[in-house]
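**Q** In the working numbering, the protein residues as written are 140 to 206.
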């Protein structure tokens with residue numbers, strides 16, 4: 140199971156925005172290296188999940204029931 144598979148696509152985009160803002164703030168205001176790396180990895184995972192859905196055509200149906 141992918142870590143963000145259970146979230147709706149709209150929620151993925153919302154969380155991606157939140158993590159992007161957090162990441163930017165840590166870079167500009169200073170943050171612990173470990174926290175910055177974790178945030179960047181989460182952003183990559185969110186983007187990957189969104190891309191997987193776009194390729195598979197399940198962008199609005201995380202369960203895949205309507206495939």
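From the three backbone atoms N, C-alpha and C, an ideal C-beta is built for every residue, glycine too.
Of all the options 157, 152, 148, 143, which has the alpha carbon lying nearest to the alpha carbon of residue 178?
**A** 157
**Q** Out of 194, 197, 189, point me to the one whose CA is closest to residue 142's CA.
**A** 189
**Q** So what's residue 194 in DSSP terms, helix, strand or just coil?
**A** helix
**Q** Which stretch, first to last residue, makes up the alpha helix (DSSP H) that contains residue 155?
**A** 148–168
**Q** Consult DSSP for residue 173 and reduce its assignment to one of helix, strand or coil.
**A** helix
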